[in-house]
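Each remark here refers to the structure printed beneath this line.
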Amino acid sequence: MKKYPSASAYKNSRQSVVTIGTFDGVHIGHKAILKRLVETAKKENLDSVVLTFFPHPRMVLQQNVDIKLINTIEERTELLENTGLDHLVIHPFTHAFSRLTALEYVRDILVNSLKAKKIIIGYDHRFGRNRNADIEDLKEFGKTYNFEVEEISAKEIDDVAVSSTKIRKALNEGDIETANNYLGYNFMISGEVVKGKAIGRTINYPTANLKLKEKYKLVPKNGVYIVQSTIEGEKIFGITSIGTNPTVGGTEKTIETHFLNFNKDLYGKEIAIAFLKYIRDEETFDSVEILKQEIEKDETFAKQFLEGRG
Ligand SMILES: Cc1cc2nc3c(=O)[nH]c(=O)nc-3n(C[C@H](O)[C@H](O)[C@H](O)COP(=O)(O)O)c2cc1C
Ligand SMILES: Nc1ncnc2c1ncn2[C@@H]1O[C@H](COP(=O)(O)OP(=O)(O)O)[C@@H](O)[C@H]1O
């Protein structure tokens, strides 16, 4: 697993305003907080710092937990860096780190390493060993260590009505439109194109089979979707099937995309597909011939949808 430098490696010359969180998805609710962070930093002549953790705390603390995340750490990094912040600190979440007391964490990480002058944080944020300190404790520490705490209230969070949990639920139900609206961008997955059973080309629907890099990446519910990709700088569209391919006796889950009006070798290439729309559930058809007819219908549907978008 990729290693990131710890917070102590960051030596800010200036004092900072810090916000802390997992930020899975970097959705429109997160963006509102990040905008506030960046604006506060400018106004108060501070550096803006986001402190996030990797791996996800639940992956470390609960063994064998089957957690799926909206973003890989690479995606999360890119999304966060695009918000205009000064420093992104991806602190390694280890057992040792989880055992720091609230005082040690505040003193060593927030104050000494990140030079926090202000901390912008949700009303329900908890921290320190066993998560036993809360925002009131943080305000008390602020008196000792001379930083201010700016609380994001329950009402402010409720008004946005977006959460990573809601987005994961929408993706698990195939509700791409809701997920994309909450994210503020199109949900995507990426990976290397690998060999499949080579049946696709025999029915005139070759499909690029994606191998995910991270087992923690959330994959939308099994079914057929309209997707968009960029290959060698060119924007192309496709129809993606997620599932076990029961019609051809498959048992393993695959993610395969037939790109429209495209005919190139993709084996070994890294590609990303962004999900635009759900078409239908995966089905077991009586023959490969019927499967082919159904895929033709999916293709027609996708083309009409894409034309309709202009
Ligand atoms: C748009 C699309 C829809 C598909 N829908 C189904 C389906 O409903 N049921 C199914 O068993 N397989 C479905 N497939 C998967 C095909 O079974 C699979 O692409 C074919 O077996 C080729 O596999 P290969 O890449 O291993 O050669 C679909 C594939 C595409 C591209
Ligand atoms: N329009 C296209 N969409 C997807 N893959 C294509 C397309 N045209 C050519 N290919 C190539 O064909 C391969 C898929 O062919 P297929 O017969 O389904 O084999 P496999 O079972 O190995 O995926 C892709 O990995 C890619 O290299």
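Per my numbering, residue 1 is the first one in the sequence shown, and the count goes up by one each step. A virtual CB, placed ideally from N, CA and C, is assigned to each residue, including glycine.
Shortest alpha-carbon distance to residue i belongs to which of the options?
| i | options | result |
| --- | --- | --- |
| T40 | L218, L85, G223 | L85 |
| I121 | T165, I135, P57 | I135 |
| I239 | F259, T251, I231, I67 | F259 |
| N172 | K221, L183, N130, H125 | K221 |
| V89 | N12, A133, D159 | N12 |
| I242 | Y216, A208, T178 | A208 |
| I33 | R107, R58, V160 | V160 |
Note down the Cα distance separating residue i from residue j, rounded to an integer number of angstroms.
| i | j | result |
| --- | --- | --- |
| S8 | G310 | 50 Å |
| F262 | V50 | 41 Å |
| F237 | L266 | 15 Å |
| V149 | Y182 | 27 Å |
Is the beta carbon of residue i sitting closer than 8 Å to the one on residue j?
| i | j | result |
| --- | --- | --- |
| T19 | L37 | yes |
| A102 | F127 | yes |
| V288 | T247 | yes |
| R168 | K68 | yes |
| Y205 | I279 | no |
| L212 | I176 | no |
| I119 | F147 | yes |
Should residue i go down as buried or exposed, given a rule of 16 or more other Cβ atoms within 10 Å for buried?
| i | result |
| --- | --- |
| D24 | buried |
| E91 | The sequence shown places His at residue 91, rather than the Glu named in the question. H91 comes out buried. |
| T345 | Given that the chain is displayed from residue 1 to residue 310, the structure contains no residue 345 and the question cannot be resolved. |
| Q62 | exposed |
| R14 | exposed |
| T72 | buried |
| T52 | buried |
| G142 | buried |
| D298 | buried |
Spatial neighbours of residue i within its chain, please: C-beta separation below 8 Å, excluding the five flanking residues on both sides.
| i | result |
| --- | --- |
| R129 | S98, R99, L100, T101, A102 |
| L291 | I203, T247, V248, F285 |
| E81 | L88 |
How about residue i: is its C-beta nearer than 8 Å to some C-beta of chain B?
| i | result |
| --- | --- |
| I28 | Protein chains in the displayed structure number just one, and chain B is not present. |
Below 7 Å CB to CB, which residues in the same chain sit around residue i once its five sequence neighbours on both sides are set aside?
| i | result |
| --- | --- |
| Y105 | F127, G128 |
So, at 6 Å on beta carbons, what are the nonlocal neighbours of residue i in its own chain, with the 5 sequence-adjacent residues on each side left out?
| i | result |
| --- | --- |
| I152 | G122 |
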